[in-house]
Amino acid sequence: MDPYLIPALDGVAYGLLLFVVAAGLVLSFGVAGILNLAHGTLYAIGAYVAAWLADGGWAAVPLALVAGVAGATAAGTALAGLLTPVKRGDHLTQALLTFGLALAGGSLLVSAFGPEDLPVRVPAALDRPIDLAGHSYAAYRLVFIVVAAVIAVGLYLALTRTRAGMLVRAAVDDPQMVACLGVNPTRVRVGVLAVSGALAGLAGVLGAPIIGPGPSTAATVLLLSLVVVVLGGLNSVVGTLVAALAVGEIQTLGVALLPTAAPFLLYAAMALILAARARGLLRRWSTA
Amino acid sequence: MADVLITEALTRRYGSLVAVDRLDLRIAPGERRAIIGPNGAGKTTLLDLVAGAIRPSGGRIRFDGRDVTGYGPARRAQLGIGRIHQRPAVWPSLTTLDNVAVAAARRRGGVRRSRHTAVELLDRLGLAAQAGAEAARLSHGQRRQLEIAMALAGEPRLLLLDEPAAGLSAVEFERLGEVLRDLPEDVTVLLVEHRLDLVYALADVVTVLRDGQYVATGTPDEIRVSHAVRQAYSGAVA
Amino acid sequence: MKWLVLLPAVALAVAVPWLVDDYTTATLSRLLVLGLVGVSVALLTGVTGLPTLGQTAPFAAGAYAAAQVGLHEVGGPPVQLLAAAGVGAAFALLTAALVVYARGVVVLMITLAIGELAITVASRWKAATGGTDGLIATAAFDSDRARYLYALAVVGVVVTLVLLALRSPAGLLLRASRDDEARMRASGHPVTAYLAGAYVAAGAIAGAGGALLVTTQQYVSPADFSFDTAALLLLGVVIGGAGSMLGAVAGTALVFAARDWLSGLLPGHAPLLLGALFVLTAYLLPRGVAGFDWRRIGRRDRAASPRAVRRANQEA
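Structure below.
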């Protein structure tokens, strides 16, 4: 097991990163009923901002966090604004619109930051290996795991312990409920997409050294977080977390253990889970 | 003769709300049974349970001696359970004629074959002139008539009617009464209806429900004078 | 009236390779192929009500099957076509259980995942697909003109078959299932089986498109089946009116032609303009997208759309 400690730890880092991104996707899908194909682009905004501002010093970290989260939140809000004329439940138009925005947004990011994958400099103090049970491991990743775990716990508490969080969970369980509560659906949509953008931006800034900014970042992040959301059962916080960690491990530990089969493993798991739950899910989805 | 529909301790809960509560019903072949009761008594839920549109939280349903509790709606429809919905459900992009033909297709060996019956049924329900029009263009009352034609076209042995008279004009109401009276004698009917004139004109037996529970069963005359029934209604109002 | 438009259009389509150069002919062949895949997307998205981003998967399966049939000298284009359609259908049969129980946005997510899985397999399973290098197929016809006419004939036959099927009772059953599924079940119809049937048929059509791709392009690689392709197919189908098969061919061809033209015109900025095209379509054609029924547009004032009726049903 020992040689696999490092990939396993990487898997945790990767998984927690995916969890934060996927949480935003679950939110927009579950509460507002929107399949946001531009979600990966929101992550990319955070990641590009991090790469642009980070200079190896500590001062850049809060700056990048604020700028990245603000940028992605603004983009999420703008997305909600653009989606306003589209009827709720018109998934096809929403998908076309968000995909179009993802294409255009990706193109704008490339013209702003260039067509290369950008390196991201972490604070110098963290940019060194540390000793971990006889292995050397990147300090940044260890710190990232701690920070991401704190964010994950924070998200969990916000969803289970606060009034807003409980409303969100109730809305995910029963999409009709939002309408029944008399809450203005446009405001719900703006709020949800703004928060979802903030989560993606946060993940982008913190995760830039792990999934770095580049022309293919948005697509990679979108697909992986979609897989996480589907594997997690589309509606549960814990399910999403477990799925995110599983996907993270498959992408890292899986590659180390079974280099040839790893890419299939992800989708095979997805196919199996979907097939096993298809009938049960039908009843849930058909009411949505 | 054995009862055609039997429910045993049939129960349906929605969270803490019990919509149908351990209900035992026995309905004889050819019987015209009306279910009445105040709003929220569980009447529509009962029909949904019998049709298989929703699953019971407990209890069993037997149709024609067969336990159909685990059957889906399509399979029950094929056994001969036909229904009309509280909100008339038709296929808006199909013509009126095709609506009836498709509705009857499974029981009559295909869409093409069932078109002949469809013409005749539309005539009886006063929809002949609309046969070629898309159902989307029908009025509310016409859509309700159409759904009745759709249910009848499948020659059901048990017909579930959920407020068939709601929203009908006087002429349409008259025609509905005629059509229901003209049903073949062996067709069993389970009728949920607020208009008591239709209930008393059509039903052999009336069952009163309240809060998902059985209150009383009797002939229309018995129910009309029953103290328990009046209490069930007044209790609901108070 | 319809024939007055259709006949000259067909005549023009047949005559076109004599009117333009070989390069344009080859481009048109490729657009025809994508148009055929568009038909399979329209069959699911518009007629059946299962919006899909995953028809690139049976498209790919068919293409690689056809390429292998050609490389192993099993048979010429017609054999490849049948093999590809069969493989596409078999692929759909295997994945049907994942798709036909879901509805709406969940179908989009699942089909997207299926499409991505197909690309992953295509780029890794080197023995069958040549990996990211792709496969060079055996040349079938000796001119671009012949390849174009072959593609045109196949697309014409398949579209005619689909149109005939949609006018048959089978088409009625699919439309009724899309209109109101619960009512179908209450009438005894096994809706899920119908959807599975349509999904398998769409898989066969996309698979046949794969064989045509191999014949016309004589080369196949994972890049032909990217997520962008899936999204562009959906866009083309929506522009074409979602429920209309000829509209799907035209819309898909138009979208891909626009993409090729834009990337030639403004290299590097094509995604921006393409993205704008998506956004414009979403805004300008919401009724085409939402109602799936363009025949109604001319008489919107007199007739309520199916969706409006359903809403009225619910509110009544």
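Residue numbers (the UniProt record's numbering), protein chains in the order written: chain Y, 1 to 288; chain S, 1 to 238; chain C, 1 to 316. Beta carbons are placed, not taken as given, at the ideal position from N, Cα and C, and that holds for glycine.
Closest by C-alpha distance to residue i, when choosing among the options
{"i": "residue 289(Y)", "options": "Thr220(Y), Gly165(Y), Arg169(Y) and Leu35(Y)", "result": "As displayed, chain Y neither begins before 1 nor continues past 288, which places residue 289(Y) out of reach and without an answer."}
{"i": "Ala2(S)", "options": "Leu23(S), Tyr14(S), Ala28(S) and Glu8(S)", "result": "Ala28(S)"}
{"i": "Leu25(Y)", "options": "Pro259(Y), Glu249(Y) and Leu222(Y)", "result": "Leu222(Y)"}
{"i": "Arg145(C)", "options": "Trp18(C), Val10(C) and Ala66(C)", "result": "Trp18(C)"}
{"i": "Thr215(C)", "options": "Leu71(C), Ala89(C) and Ala97(C)", "result": "Leu71(C)"}
{"i": "Ile151(Y)", "options": "Val20(Y), Thr77(Y), Ala60(Y) and Gly254(Y)", "result": "Val20(Y)"}
{"i": "Gly156(C)", "options": "Thr229(C), Ala276(C) and Val33(C)", "result": "Val33(C)"}
{"i": "Leu285(C)", "options": "Gly251(C), Ala257(C) and Asp260(C)", "result": "Gly251(C)"}
{"i": "Glu8(S)", "options": "Asp211(S), Gly141(S), Pro220(S) and Pro56(S)", "result": "Pro56(S)"}
{"i": "Leu81(C)", "options": "Tyr64(C), Leu94(C), Leu173(C) and Thr95(C)", "result": "Tyr64(C)"}
{"i": "Phe59(C)", "options": "Ala97(C), Leu277(C), Leu265(C) and Ser221(C)", "result": "Ser221(C)"}
{"i": "Arg76(Y)", "options": "Leu5(Y), Asp55(Y) and Arg189(Y)", "result": "Just to set this straight, residue 76(Y) is Gly in the shown sequence, not Arg. Per the Cα distances, Arg189(Y)."}
{"i": "Ala176(C)", "options": "Ala101(S), Arg83(S) and Thr45(S)", "result": "Ala101(S)"}
{"i": "Trp52(Y)", "options": "Leu16(Y), Val12(Y) and Leu109(Y)", "result": "Leu109(Y)"}
{"i": "Gly188(C)", "options": "Gln86(S), Val199(S), Val192(S) and Ala151(S)", "result": "Ala151(S)"}
{"i": "Ile81(S)", "options": "Arg224(S), Val50(S), Arg32(S) and Leu168(S)", "result": "Val50(S)"}
{"i": "Gly70(S)", "options": "Leu160(S), Ala53(S) and Gln86(S)", "result": "Ala53(S)"}
{"i": "residue 339(C)", "options": "Leu246(C), Gly236(C), Thr56(C) and Ala26(C)", "result": "Outside the displayed range of chain C (1 to 316) lies residue 339(C), so it cannot be described from this structure."}
{"i": "Glu31(S)", "options": "Arg230(S), Gly177(S), Leu158(S) and Ala170(S)", "result": "Leu158(S)"}
{"i": "Val162(C)", "options": "Ala137(C), Tyr148(C), Arg178(C) and Ala206(C)", "result": "Ala206(C)"}
{"i": "Glu134(S)", "options": "Asp179(C), Tyr150(C) and Leu135(C)", "result": "Asp179(C)"}
{"i": "Val74(C)", "options": "Thr138(C), Gly241(C) and Asp228(C)", "result": "Thr138(C)"}
Closer than 7 Å at the beta carbon, the chain B residues around residue i
{"i": "His189(C)", "result": "Among the protein chains of the structure shown, namely Y, S and C, there is no chain B."}
beta-carbon residue i near the ligand MN non-hydrogen atom, thresh 7 Å
{"i": "Leu231(Y)", "result": "The model on display carries no ligand, and the ligand MN is accordingly not part of it."}
Bridge partner(s) assigned by DSSP for residue i
{"i": "His135(Y)", "result": "Leu132(Y)"}
{"i": "Tyr214(S)", "result": "Leu209(S)"}
{"i": "Arg88(Y)", "result": "Paired residues: none, contrary to the question."}
{"i": "Gly11(Y)", "result": "None, per the DSSP bridge assignment."}
{"i": "Phe63(S)", "result": "Leu5(S) and Arg66(S)"}
{"i": "Leu53(Y)", "result": "Answer is none; Leu53(Y) lacks a bridge partner."}
{"i": "Arg13(S)", "result": "Val18(S)"}
{"i": "Ala206(C)", "result": "Paired residues: none, contrary to the question."}
{"i": "residue 243(S)", "result": "This structure cannot speak to residue 243(S), because chain S is shown only from 1 to 238."}
{"i": "Thr188(S)", "result": "Leu158(S)"}
{"i": "Glu134(S)", "result": "Thr95(S)"}
{"i": "Ala34(S)", "result": "Leu191(S) and Val206(S)"}
Buried versus exposed call for residue i [16 or more other C-beta atoms within 10 Å across all chains shown]
{"i": "Pro259(Y)", "result": "exposed"}
{"i": "Met109(C)", "result": "buried"}
{"i": "Thr132(C)", "result": "exposed"}
{"i": "Asp22(C)", "result": "exposed"}
{"i": "Met166(Y)", "result": "exposed"}
{"i": "Trp91(S)", "result": "buried"}
{"i": "Asn99(S)", "result": "buried"}
{"i": "Ala89(C)", "result": "buried"}
{"i": "Asp24(S)", "result": "exposed"}
{"i": "Glu249(Y)", "result": "buried"}
{"i": "Gly291(C)", "result": "Residue confidence is low: Gly291(C) scores 41 on pLDDT, short of 50, so the model does not pin down where it sits. No coordinate-derived value is stated."}
{"i": "Leu266(C)", "result": "exposed"}
{"i": "Ala228(S)", "result": "exposed"}
{"i": "Glu185(S)", "result": "exposed"}
{"i": "Ala9(C)", "result": "exposed"}
{"i": "Val20(S)", "result": "buried"}
TODO: Compile a chain-ordered list of the residues in the segment 168-188 of chain C whose CB is closer than 7 Å to at least one CB of chain S.
DONE: Sequence-ordered contacts of the segment 168-188 of chain C with chain S read Pro169, Leu172, Leu173, Arg175, Ala176, Asp179, Asp180, Ala182, Arg183, Arg185, Ala186, Ser187 and Gly188 [C-beta pairs closer than 7 Å].
Open item on the list: Against chain C, which members of the segment 90-123 of chain S pass a CB distance test of less than 9 Å?
Closed with: Correct list: Val90, Trp91, Pro92, Ser93, Leu94, Asp98, Asn99, Ala101, Val102, Ala103, Ala104, Ala105, Arg106, Arg107, Gly110, Val111 and Arg112.
- [ ] May I have a chain-ordered list of the beta strand (DSSP E) segments no shorter than 3 residues that lie completely inside the segment 104-138 of chain C?
- [x] List check, beta strand (DSSP E) in window: nothing returned.
TODO: With 9 Å as the C-beta to C-beta threshold (strictly closer), list the residues of the segment 254-278 of chain C near chain Y in chain order.
DONE: Of all residues in the segment 254-278 of chain C, Gly268, His269, Ala270, Pro271, Leu272, Leu273, Leu274, Gly275, Ala276, Leu277 and Phe278 have a Cβ within less than 9 Å of some Cβ in chain Y.
- [ ] Run through the segment 219-264 of chain C for me and flag every whole alpha helix (DSSP H) of 4 or more residues, listed as ranges in chain order.
- [x] Counting only runs of 4+ residues, the alpha helix (DSSP H) found wholly inside the segment 219-264 of chain C occupies 227-239, in chain order.
Open item on the list: What are the residues in the segment 211-227 of chain C lying within 8 Å of chain Y by C-beta distance?
Closed with: Listed in chain order, the positions of the segment 211-227 of chain C with a beta carbon within less than 8 Å of a beta carbon of chain Y are Phe227.
- [ ] Using a Cβ-Cβ cut-off of less than 9 Å, give me the residues of the segment 248-268 of chain Y that come near chain C, in sequence order.
- [x] For the segment 248-268 of chain Y, which is checked against every Cβ of chain C, the residues closer than 9 Å are Thr260, Pro263, Phe264, Leu266, Tyr267 and Ala268.
Task: Contact residues within the segment 136-170 of chain Y, judged by C-beta distance below 7 Å to chain C - done: If the cut-off is 7 Å between Cβ atoms, the segment 136-170 of chain Y has nothing near chain C.
Task: Start-end ranges of the alpha helix (DSSP H) lying completely within the segment 75-129 of chain S, minimum 4 residues - done: Runs found: 96-105 and 111-124.
- [ ] For the segment 102-120 of chain Y, enumerate the residues whose C-beta is nearer than 9 Å to any C-beta of chain C, in chain order.
- [x] Only those residues of the segment 102-120 of chain Y whose C-beta falls short of 9 Å from the nearest C-beta of chain C are listed: Ala102, Leu103, Ala104, Gly105, Gly106, Ser107, Leu108, Val110, Ser111 and Pro115.
Open item on the list: Restricting to runs no shorter than 4 residues, where is the alpha helix (DSSP H) found entirely within the segment 36-103 of chain C?
Closed with: Whole alpha helix (DSSP H) segments, 4+ residues: 56-71 and 77-99.
Open item on the list: Give me the subset of the segment 51-62 of chain C whose CB atoms are less than 8 Å from a CB atom of chain Y, sorted by chain position.
Closed with: So the list reads Pro51 and Leu53, given in the order they occur along the chain.
Open item on the list: So if I threshold CB-CB distances at 8 Å, which residues from the segment 75-89 of chain Y count as touching chain C?
Closed with: If the cut-off is 8 Å between Cβ atoms, the segment 75-89 of chain Y has Leu82, Pro85, Val86, Lys87 and Gly89 near chain C.
Task: Short-range partners of chain C found in the segment 1-26 of chain Y, where Cβ spacing is below 8 Å - done: Of all residues in the segment 1-26 of chain Y, none has a C-beta nearer than 8 Å to a C-beta of chain C.
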